[in-house]
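Visitor:
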Amino acid sequence: MNPNETLLARQQAATPRGVGVMAPFFVDHAKNAELWDVTGRRFIDFAGGIAVLNTGHRHPDVIAAVSAQLELFTHSCYQVVPYESYIRLAERLNALTPGAHAKKTAFFSTGAEAVENAIKIARAATGRSGVIAFSGGFHGRTMMGMALTGKIVPYKVGFGPFPADVFHVPFPNALHHVSVADSLAAITALFKASIDPKRVAAIILEPIQGEGGFYIAPPELMRALRQLCDEHGILLIADEIQTGFARTGRWFAMDHYDVLPDLITLAKSLAGGFPLSAVVGRSEIMDAPAPGGLGGTYAGSPIAIAAAHAVLDVIEHEQLNHRANTLGIRLQALLNNLQKVIPNIAEVRGLGAMIAVEFMQNATPDIDFTKRVQAEALRRGLILLSCGVYANVLRFLFPLTISDAVFDEGLAILEAALFAAHLDS
Ligand SMILES: Cc1ncc(COP(=O)(O)O)c(C=O)c1O
382 MNPNETLLAR QQAATPRGVG VMAPFFVDHA KNAELWDVTG RRFIDFAGGI
432 AVLNTGHRHP DVIAAVSAQL ELFTHSCYQV VPYESYIRLA ERLNALTPGA
482 HAKKTAFFST GAEAVENAIK IARAATGRSG VIAFSGGFHG RTMMGMALTG
532 KIVPYKVGFG PFPADVFHVP FPNALHHVSV ADSLAAITAL FKASIDPKRV
582 AAIILEPIQG EGGFYIAPPE LMRALRQLCD EHGILLIADE IQTGFARTGR
632 WFAMDHYDVL PDLITLAKSL AGGFPLSAVV GRSEIMDAPA PGGLGGTYAG
682 SPIAIAAAHA VLDVIEHEQL NHRANTLGIR LQALLNNLQK VIPNIAEVRG
732 LGAMIAVEFM QNATPDIDFT KRVQAEALRR GLILLSCGVY ANVLRFLFPL
782 TISDAVFDEG LAILEAALFA AHLDS
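If you want my numbering, it's the position in the sequence shown, counting the first as 1, plus 381.
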């Protein structure tokens, strides 16, 4: 029996179906943008472990930093015996994130944990409980993460009730006829019917919705939200867990806007495959929770922190912001050309290398076509991820360290998969 089939049978028997798995094969080892399964078959990885590997699988500098840390200590619990690398990483993120104001950073392990803590901090700082989030937004699988997430299936089904005082408004989306004015009108309606703005602690959004479909928040939305927040004493939280660390061609997606968030959540590519997340924010806000209110046994693990220092160095030294723009332009050009001959391609969009292609047929989302392209690509050795509130979007999250040769190979497979799906239509 093929080792993948044996493992699939064991997986089915030993692990719950709720942990949904995309690939029908199991990884053996990986390097930069390539991954080999347990039979030795090679795949090109355009998924990057869901936006975690902007610096690639096992970047030699990340591995060296982690190996060095393993020789010193692996865990002391920062809240028991602290270490310098945590403080230095906080200093680096305080300086790197948008805005020259005084900032502080706290570390956690997962993206959902960063989101939970951003809300805790916002509530402690404002003394208010309300939170406004957006339809189609994704903020994690913990209770508050689910409450904030603006998509029921599959994330919220059967798991409620969720924490109270969370409200959703539509995210602007020109392709699906939702304007910035519609989003703002929904907030006005909320303030009239559901919650006094003086009870709202925070508005949270992804500058580019990740799981939701790579829809980009228009600058006028971000400006209007900042103004609303200033008017009512509400905090603006940018969830940059998927958009951060050079993916969009800047360090952070908020660098593309002319307004600043009060708090930023970070995770995924922060530590190149090691579990680390962070909340970065205005010092006075970050200091609102009393000592002991923030933290966690593994929060800010010294191993993950060592990896993160190396990741930041790699992004700088290898000029990955520039590389993201170069790769993104090439991918967009290919997809724009294919749009002329493949009518199911409704839109190609993105910032830097955070690119997506959305499929429609007769003005309705074409989920079937999306699945066919993904399957054809995988059959040919290219790992692609889908996303979108209508599940009709393919997103590209290849390592920014990918070589030109492997990138070209990936694009050729993508083109072949799109044509195969098209001919099958
Ligand atoms: C924008 C955003 N926020 C939060 C999360 C949750 O992160 P984690 O899966 O590490 O808990 C994700 C994960 O996909 C995300 O994309």
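Even for Gly, the Cβ is constructed at its ideal location relative to N, Cα and C.
Leaving out five residues on either side along the sequence, give the residues of the same chain with a beta carbon under 8 Å from the beta carbon of H690.
Guide: Excluding sequence neighbours, H690 sits near A446, S466, R469, L470, R473.
Visitor: If you pair each beta-carbon of the region 570 to 581 with each one of the region 590 to 599, do three or more pairs fall below 8 Å?
Guide: No, they do not touch.
Visitor: Please name the residue, chosen from D639, G769, A652, A582, that lies closest to I618 on a Cα-to-Cα basis.
Guide: Per the Cα distances, A582.
Visitor: Out of curiosity, what's the CA-to-CA distance linking N706 and F750?
Guide: Distance between the alpha carbons of N706 and F750 is about 28 Å.
Visitor: Where are the beta strand (DSSP E) runs, 3 residues long or more, that stay fully inside the region 528 to 576, in chain order?
Guide: With a minimum length of 3 residues, the continuous beta strand (DSSP E) runs that stay inside the region 528 to 576 are 547 to 550.
Visitor: In terms of residue numbering, what span does the alpha helix (DSSP H) encompassing T507 cover?
Guide: That run of the alpha helix (DSSP H) goes 492 to 507.
Visitor: Could you tell me whether the Cβ atoms of I748 and N773 are closer together than 8 Å?
Guide: Cβ distance < 8 Å, so I748 and N773 count as in contact.
Visitor: Quick one: using the 10 Å Cβ neighbour count with 16 as the cut-off for buried, is I533 buried or exposed?
Guide: Result: exposed.
Visitor: Under the rule that 16 or more other beta-carbon atoms within 10 Å means buried, what is A411, buried or exposed?
Guide: Flag for A411 reads buried.
Visitor: Within the continuous beta strand (DSSP E) that includes M741, where are the two ends?
Guide: Segment 735 to 742, the beta strand (DSSP E) holding M741.
Visitor: Classify H637: buried if its beta carbon has 16 or more other beta carbons within 10 angstroms, exposed otherwise.
Guide: Burial call: buried.
Visitor: Could you tell me which whole alpha helix (DSSP H) segments of length 4 or greater appear in the region 659 to 713?
Guide: If we require 4 residues or more, the alpha helix (DSSP H) runs fully inside the region 659 to 713 come out as 664 to 667, 683 to 698.
Visitor: Tell me the start and end of each unbroken beta strand (DSSP E) in the region 594 to 648 that is at least 3 residues and wholly inside, in chain order.
Guide: If we require 3 residues or more, the beta strand (DSSP E) runs fully inside the region 594 to 648 come out as 616 to 620, 644 to 647.
Visitor: So for P441, helix, strand or coil by DSSP?
Guide: Helix.
Visitor: Are there 16 or more other CB atoms within 10 angstroms of the CB of P542, so buried, or fewer, so exposed?
Guide: Exposed is the call here.
Visitor: Could you tell me the distance, in whole angstroms, from the CA atom of P463 to the CA atom of H456?
Guide: In a straight line, the C-alpha of P463 is about 10 Å away from that of H456.
Visitor: With L641 and G480 assumed to form a contact (beta carbons below 8 Å), what rounded beta-carbon distance in angstroms separates them?
Guide: The Cβ separation is near 4 Å, so the contact holds.
Visitor: Identify the continuous beta strand (DSSP E) that holds G731 and give its terminal residues.
Guide: Segment 726 to 732, the beta strand (DSSP E) holding G731.
Visitor: When the Cα of L651 is compared with those of T478, L804, H703, A744, which residue comes out closest?
Guide: When each option's Cα is compared against that of L651, the closest is T478.
Visitor: From which residue to which residue does the alpha helix (DSSP H) around D749 run?
Guide: Start and end: 748 to 760.
Visitor: Which residues, in chain order, sit with a beta-carbon under 7 Å away from any heavy atom of ligand 1?
Guide: My final list is I431, A432, T491, G492, A493, E494, V496, F519, H520, G521, R522, G526, E587, G591, E592, D620, I622, Q623, T646, A648, K649, S658.
Visitor: Quick check: what's the CA-CA separation for L565 versus N554?
Guide: Their Cα atoms are separated by approximately 13 Å.
Visitor: Do R628 and M735 have their C-beta atoms closer together than 8 Å?
Guide: Yes, they are a contact pair.
Visitor: Checking the sheet assignment: what are the DSSP bridge partners for K412?
Guide: Bridge partners of K412: E415.
Visitor: Which same chain residues, not among the five before or five after Y536, have their C-beta less than 8 Å away from its C-beta?
Guide: Once the five neighbours on either side are set aside, the close Cβ partners of Y536 are F519, R522, M527, T530.
Visitor: Where does A772 fall in DSSP's three states?
Guide: Three-state DSSP puts A772 in coil, outside helix and strand.
Visitor: Would a C-beta distance cut-off of 8 Å place L609 and V561 closer than the cut-off?
Guide: No.
Visitor: Can you check DSSP and say which residues form a bridge with I512?
Guide: The amino acid at residue 512 is misidentified as Ile; the sequence shows Val. According to DSSP, V512 bridges with V547, A583.
Visitor: Going by alpha carbons, who is nearest to L775 out of L781, L766, T782?
Guide: Of the candidates L781, L766, T782, the one whose C-alpha sits nearest the C-alpha of L775 is L766.
Visitor: Could you pull the start and end residues of the alpha helix (DSSP H) that T387 belongs to?
Guide: Unbroken alpha helix (DSSP H) run through T387: 384 to 395.
Visitor: From K721 to L712, what distance separates their C-alpha atoms?
Guide: Looking at the two C-alpha atoms, the distance is approximately 15 Å.
Visitor: Take I710 as the anchor and find which of D442, W632, V729, E699 has the nearest alpha-carbon.
Guide: That would be V729, whose Cα lies nearest to the Cα of I710.
Visitor: Which residue's Cα is closest to the Cα of G676: L416, V402, G591, A659?
Guide: Comparing Cα-Cα distances from G676 to each of L416, V402, G591, A659, the minimum goes to A659.
Visitor: Here's the rule: buried if 16 or more other CB atoms are within 10 angstroms of the residue's CB, otherwise exposed. What is A449?
Guide: Burial call: exposed.
Visitor: Give the single residue among K752, A798, L781 whose Cα lies nearest to the Cα of L763.
Guide: Measuring from the Cα of L763, the nearest candidate turns out to be A798.
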